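Every number in the working numbering is 453 more than the matching position in the sequence shown, counting from 1. Yeah, the Cβ is synthetic: ideal placement off N, Cα and C, and Gly gets one too. Keep in mind that this is a model prediction, so the values were computed, not measured. Let me begin by presenting the structure, written as structure tokens, before commenting on it.
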Amino acid sequence: MNFQPLKSIRVLDLTSVVVGPAATWRLGQYGAEIIKVESPDGDLMRGLGGQSPTGQHSGTYLHLNRGKRNICLDLKTAGAQLVMQRLIAQADVIVANMRPKALQKLGIDAATVHQKYPDKIYCLLTGFGTDGPYGGFPAYDSVVQAAAGIPGLSLARDGVPRYMPLLICDHVVGEIAAGAIMAALLERQSSGGRTIEIPMFETMAAFVLQEHLAQQSFVPPVGPAGDRRLLSPHNMPVQTSDGFVAVTINTDQQVRAFLQVTGRAACADDPRFATIAARADNVAAWFELRGAALTSHSTAEWLDIFRKADLAAMPCHTLQSLPADPHLQAVGLIAYEEHPTEGRIAVIRSSLRVDGADVPTRSPAAPCGWDTRSVLNDLCFSTAETETLILEGSAHEHHH
């Protein structure tokens, strides 16, 4: 399977933690050559993302940094800045998630790059848009979640504000960044370079408001903000005799089938639940009925019943049961391989299928400085120049 639409594209990856690496990982999935620049301290996510045999390759780091060549540079040195200028010169795309002031100080911000190379696509990932009052504020996923009102949704529903226990803002914004970069690459022949800024706060606020501006989307408003179905405290997986099952019913036909198979057929004649409009008007009562426990059968038995009734239903997996899901095992979402320093590791393959085949997984995430020598060689530094850069501490290498 040879799906590499970005094969001729070089991406200079000046990102760390999750949002930037997620964006460049996706570009790498499509065949781009990614050169990741790390400082001698290494990407924070190498350790922050959890334990690993060497303490240098957390699971999160491994999964988001596959298929990237790794060069380790101390950007505070003149030698590393010379290397950086050559890296920028040969890149089609530069992706950065350092704070704008830090990029300006190093002379690798979008304006400075475009003065010299107007055809570059420069993607800056920020916590908050640089032209707003929060521009330049530090940001992590949880801070952005809170600012965008995500814990506020669970506050409205449960009385307690909770972060979603997933780096959802980083992943969503990283994917949007990859899409924007590909769109800019498409138009580059006619329009030249672009500076793309993707602020996490505005992006996630828009996501929340697309669903929850709701009745306030009209002037004058026709009701309060918030999708009342999503905010119902009864909108959660349903308890069974041995766990939980997720079942979602929306159409009138699905509702009648659900009430029939759960022994509540009499409720189908209740005018509060008979139509989509009636259920919207009586959403609290409907979700209470829909979310009531189903402890007469096991999860497996309910899944069988719901599937026979052609209803959308799935088990409510845990972190322990998800990798063992028979469907995920059948499609081979997780495979295993040898890592140069970590031993045997899990590989999460791309979920895309192209022309009926899986997109191949790329090389494992490398130790810091693993490709320093080969990248310097590609940038036409002589062997003597490379030795000098390493000896003076401008570049660092990992000894294979």
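Beta-carbon proximity list for residue i, same chain, < 7 Å, skipping 5 on both sides
i              : result
threonine 507  : Thr794, Glu795
alanine 637    : Ile574, Arg647, Ile649
leucine 497    : Ser469, Val470
aspartate 824  : Arg522, Asn523, Ile524
valine 828     : Ile488, Arg522, Ile524
methionine 617 : Gln598, Ile603
cysteine 769   : Pro690, Gly696, Phe697, Val698, Ala699
leucine 608    : Pro614
Local conformation of residue i per DSSP, three classes
i                 : result
tyrosine 514      : helix
proline 553       : helix
valine 812        : coil
arginine 732      : helix
isoleucine 702    : coil
cysteine 525      : strand
leucine 497       : coil
aspartate 466     : strand
alanine 727       : coil
alanine 485       : coil
glutamate 741     : helix
alanine 561       : Residue identity differs from the one stated: residue 561 is isoleucine in this sequence, not alanine. If DSSP states are grouped into helix, strand and coil, isoleucine 561 belongs with coil.
valine 490        : strand
histidine 853     : coil
phenylalanine 711 : helix
alanine 544       : coil
Check whether residue i and residue j have beta carbons under 9 Å apart
i                 : j              : result
aspartate 705     : alanine 727    : yes
leucine 559       : methionine 537 : yes
cysteine 622      : valine 470     : no
leucine 842       : alanine 533    : yes
proline 515       : alanine 818    : Here the sequence assigns leucine to residue 515, which means proline is not the residue at that position. Yes. Within cutoff.
alanine 476       : glutamate 628  : yes
aspartate 562     : methionine 653 : no
leucine 684       : leucine 619    : no
glycine 520       : threonine 701  : no
methionine 767    : valine 714     : no
leucine 517       : proline 474    : yes
isoleucine 524    : alanine 762    : no
alanine 549       : leucine 578    : yes
valine 736        : arginine 681   : yes
glutamine 668     : valine 661     : no
arginine 479      : alanine 659    : no
phenylalanine 456 : aspartate 808  : yes
glycine 846       : glutamate 491  : no
methionine 551    : leucine 467    : yes
glycine 716       : serine 670     : no
Rounded separation between residue i and residue j - CA only
i                 : j              : result
alanine 542       : tyrosine 570   : 7 Å
threonine 403     : glutamate 850  : Nothing about residue 403 can be read from this structure; the chain reaches only from 454 to 853.
aspartate 811     : alanine 544    : 28 Å
aspartate 527     : aspartate 494  : 9 Å
glycine 580       : valine 625     : 13 Å
glycine 512       : glutamine 773  : 15 Å
alanine 592       : valine 672     : 34 Å
glycine 679       : valine 596     : 21 Å
arginine 481      : isoleucine 488 : Note that residue 481 corresponds to glycine in the displayed sequence, not to arginine. So the alpha carbons of these two residues sit roughly 10 Å apart.
glutamine 642     : isoleucine 462 : 13 Å
alanine 721       : aspartate 695  : 27 Å
glutamine 692     : arginine 610   : 19 Å
glutamate 790     : proline 690    : 35 Å
phenylalanine 759 : histidine 665  : 29 Å
leucine 535       : threonine 656  : 35 Å
alanine 733       : arginine 725   : 9 Å
alanine 746       : glycine 585    : 47 Å
arginine 615      : arginine 826   : 46 Å
glutamine 663     : leucine 832    : 46 Å
serine 751        : lysine 460     : 49 Å
glutamine 707     : proline 779    : 26 Å
alanine 719       : leucine 712    : 8 Å
leucine 775       : alanine 564    : 45 Å
8 Å CB neighbourhood of residue i in its chain, flanking five on each side removed
i              : result
proline 458    : Tyr483, Gly484
isoleucine 801 : His516, Leu786, Ile787
proline 553    : Asp562, Leu577, Thr579, Thr583, Gly588, Gly589
Own chain, CB closer than 6 Å to residue i, minus 5 neighbours either side, in chain order
i             : result
valine 546    : Val464, Ile574, Ile634
histidine 687 : Phe740, Glu741, Gly744
histidine 510 : Glu795
valine 784    : none
aspartate 572 : Gly645, Gly646
proline 820   : Thr794, His851
At which residue ranges does the stretch 569 to 603 contain complete alpha helix (DSSP H) runs of 4 or more residues, listed in the order of the chain?
594 to 600, all fully within the stretch 569 to 603.
Which residue spans inside the stretch 626 to 694 form an unbroken alpha helix (DSSP H) run of at least 4?
Within the stretch 626 to 694, the complete alpha helix (DSSP H) segments of 4 residues or longer fall at 653 to 665, listed in chain order.
If we require 4 or more residues per run, which alpha helix (DSSP H) segments fall completely within the stretch 745 to 823?
At a cut-off of 4 residues, the continuous stretches assigned as alpha helix (DSSP H) that sit fully inside the stretch 745 to 823 are 752 to 761, 779 to 784.
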